[in-house]
Amino acid sequence: MLRQILTYPDPFLSTRALPVKRVDGKIRDLIRDMFETMYASNGIGLAATQVGVGKRVIVVDVSPAVEEEVKPLALVNPEIVEKWGWVEGTEGCLSVPGVEGMVCRAESVVVRGRNEDGDPVTVEADGLLSRAIQHEIDHLEGILFIDRLAAAPASAK
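The sequence shown begins at 584 in the numbering used here and counts up one residue at a time.
Structural data, given as structure tokens:
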């Protein structure tokens, strides 16, 4: 089912999402809806908060934008446990239509969470996949990419 994507300045976008206690049928339905909504909107990532659900769930599929084969990824309660390198890149967002800007992010990350079956997973990502995962996890913290424009961390300077 397609869900409505909230757009800036909707106050829900600045809400911090709550952890998912159990991956069940409702969460799997949410994940399926999020993928469908993301694909219909030509996006490469979507967070549950962008569709008005205050749960820590993200979906990412960068395969349309990269040459290598990358599988779609759903993460429940994602947490960045390691990151290194810093790189600036252009970002946009389905919740901030028509706006793009340069954002400094970690070049590579290691993320832990659960998959759509509730199994623990660890994902190592770099390049666009790393950027997309960080962007979506920011949404779960109530942070939009426009909040990070031109803000490089001290360790990247």
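By construction, the Cβ of each residue, glycine as well, lies at the ideal position given by its N, Cα and C atoms.
For Val640, the closest alpha carbon among the candidates Asp721, Glu665, Gly672 and Cys676 is that of Asp721. Taking a cut-off of 8 Å on C-beta distances, the stretch 641-650 does not touch the stretch 666-683, as fewer than three cross pairs fall below it.
Contact between Leu601 and Lys638 is confirmed by a C-beta separation of about 6 Å, below the 8 Å threshold.
The shortest CA-to-CA distance from Glu683 to any of Leu732, Pro594, Asp612 and Ser597 is the one to Leu732. In terms of CA proximity to Val693, Ala715 leads the group Ser678, Ala715 and Gly675.
Counting other Cβ atoms within 10 Å of its Cβ, Gly608 stays below 16 and is therefore classed as exposed. Excluding residues up to 5 positions away in sequence, Glu662, Val664 and Thr705 lie with their Cβ nearer than 6 Å to the Cβ of Arg695 in the same chain. Contact between Val636 and Gln587 fails: their C-beta atoms lie close to 11 Å from each other, not under 8 Å.
Approximately 6 Å separates the beta-carbon atoms of Thr632 and Leu596; this is inside 8 Å, confirming the contact.
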